[in-house]
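Scroll down for the structure; my scribbles are underneath it.
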Amino acid sequence: MYKIKTLNKISQTGLDRFGVDYRLDDNEESPDAIVLRSFKMHDYKFGENLKAIARAGAGVNNIPLDICSQKGIVVFNTPGANANAVKELVIASLFLASRDITSGVQWVQSIKDSDDVASLVEKNKSNFAGCEIKGKTLGVIGLGAIGAMVANSALNLGMKVKGYDPYLSVDGAWLLSNKVKKTTTLDKIYEKCDYITIHVPLLDSTKNMINKEVLQKCKNGVKIINFSRGGLVNSKDIIDAVESKKASCYITDFPEKELLGVKGIIPVPHLGASTLESEENCAVMAVDEIKEFLENGNIINSVNFPNATMPRSKSGQRLIIANKNIPHMIESITSVLANNNINIINMLNKSRADIAYNIIDISGDTDKSLIEEIKNIDEIIFARLLS
Numbered sequence: 006m007y008k009i010k011t012l013n014k015i016s017q018t019g020l021d022r023f024g025v026d027y028r029l030d031d032n033e034e035s036p037d038a039i040v041l042r043s044f045k046m047h048d049y050k051f052g053e054n055l056k057a058i059a060r061a062g063a064g065v066n067n068i069p070l071d072i073c074s075q076k077g078i079v080v081f082n083t084p085g086a087n088a089n090a091v092k093e094l095v096i097a098s099l100f101l102a103s104r105d106i107t108s109g110v111q112w113v114q115s116i117k118d119s120d121d122v123a124s125l126v127e128k129n130k131s132n133f134a135g136c137e138i139k140g141k142t143l144g145v146i147g148l149g150a151i152g153a154m155v156a157n158s159a160l161n162l163g164m165k166v167k168g169y170d171p172y173l174s175v176d177g178a179w180l181l182s183n184k185v186k187k188t189t190t191l192d193k194i195y196e197k198c199d200y201i202t203i204h205v206p207l208l209d210s211t212k213n214m215i216n217k218e219v220l221q222k223c224k225n226g227v228k229i230i231n232f233s234r235g236g237l238v239n240s241k242d243i244i245d246a247v248e249s250k251k252a253s254c255y256i257t258d259f260p261e262k263e264l265l266g267v268k269g270i271i272p273v274p275h276l277g278a279s280t281l282e283s284e285e286n287c288a289v290m291a292v293d294e295i296k297e298f299l300e301n302g303n304i305i306n307s308v309n310f311p312n313a314t315m316p317r318s319k320s321g322q323r324l325i326i327a328n329k330n331i332p333h334m335i336e337s338i339t340s341v342l343a344n345n346n347i348n349i350i351n352m353l354n355k356s357r358a359d360i361a362y363n364i365i366d367i368s369g370d371t372d373k374s375l376i377e378e379i380k381n382i383d384e385i386i387f388a389r390l391l392s
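For my numbering, add 5 to where a residue sits in the sequence shown, where the first one is 1.
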């Protein structure tokens, strides 16, 4: 019986997929796996039994990945599961940035006590006039699952689209319309685009990537949309740009106190993935990832371990081993197996940075002493025999 703990409210549609071999208990002190959304784990005390953490969402800034890697805890996320929800809100933001809808709605609410609302509306509606997005140029920074969907949808709305992503995968390229003009430098995005939307992770290399120097390169009146991470845009610099009219609008899903009350800045209360469909999709993917790892040792969509999947052999047992990615480790592991008269039926070895991961289907007589012998090899992170 596997023990599962949730640290946030998780869609029941996903949790129901665990089935009878799993026990869900939010108060479990020694879970095999944890499912969470935004719960901050940096001060969380990890139990010795914890094998996996699944984030029902894409970003994992709330999880201490280095500590998890050291402890042999595989961390999963759910890329693409919330992509459509975020895409729809980004597309909505294109209209919000172009037509002064929010200010107009707020103003209409303010005249609720007037005796002649219709007359006032006709008299003042020109104060909220805007522009159409058709024919304008959108720059998409990051062409992953969300960025590609945004780019394709913007094309369908009659926009011209330029995209930048030096790490675009082959699979990602297949999802992207060939009408998206891919650029080789960010400067071409900054200099040519009327709208810029950001879809990259928050890393040391991307923190404050939209700053004073970048904004100076942009077209006058540029509209910036950020539904990726708040730290990608320097708050002080974007405020200065909006107040000086260098940028006509900034829409962000990550409100900060200094951004509130600034005309031209539209803060959204982190609604990007807040749809019933998105929460269900993320929960289903997270649960399936945990089950596949706990039951079969397969790693899908991990952010700290190498992805590795291998069909299980019809006979024998499955051994999973993680170790430091250094020379002669496979030799040491297979020597232990050979010395114990264990036959290798099939084997997969994958590495990511300084971690290597092995899936080994074996036959022969095994007991706890075999696992202990493997664990005693220097630089082994964990070793487990699956039933």
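Backbone N, C-alpha and C fix where the C-beta goes; we use that ideal spot for every residue, glycine too.
Predicted model, so just to flag it, every value in this text is computed and none were measured.
Annotation for GLU137: SER103 place their beta carbon closer than 8 Å to its own, counting only its chain and skipping 5 residues before and after. For LYS268, the closest of GLN111, GLU300, GLU336 by C-alpha to C-alpha distance is GLN111. Here LEU101 really is in contact with ILE271; their C-beta atoms are around 6 Å apart, less than 8 Å.
Around the beta carbon of SER119, a 10 Å sphere encloses fewer than 16 other beta carbons of the protein chains shown; the residue is thus reported as exposed. Inside the stretch 230-272, DSSP marks whole alpha helix (DSSP H) runs of 4 or more residues at positions 240-248, from first to last along the chain.
Here DSSP, grouped into helix, strand and coil, assigns ILE39 to strand. Under the rule that a run must span 3 or more residues, no beta strand (DSSP E) segment is found entirely inside the stretch 92-120. Under the three-state reduction of DSSP output, GLY85 falls in the coil class, being neither helix nor strand. Judged by beta-carbon spacing, ILE146 lies beyond the 8 Å limit of ALA88, meaning their Cβ atoms are not closer than that value.
Within the same chain, and ignoring the five residues on either side of LEU207 in sequence, the residues whose Cβ sits closer than 7 Å to its Cβ are ASN66, ARG234, GLY236, LEU237. The Cβ-Cβ distance between THR257 and VAL247 does not fall below 8 Å.
For ASN213, there is no enclosing beta strand (DSSP E), as DSSP marks it with neither H nor E. Counting other Cβ atoms within 10 Å of its Cβ, VAL79 reaches 16 or more and is therefore classed as buried. THR83 counts as buried, since no fewer than 16 other beta carbons sit within 10 angstroms of its beta carbon. Secondary structure at SER307: strand, using DSSP grouped into helix, strand and coil. Within the model, the alpha-carbon separation for ASP199 versus LYS139 is close to 11 Å. The alpha-carbon separation between SER174 and LYS193 amounts to approximately 21 Å.
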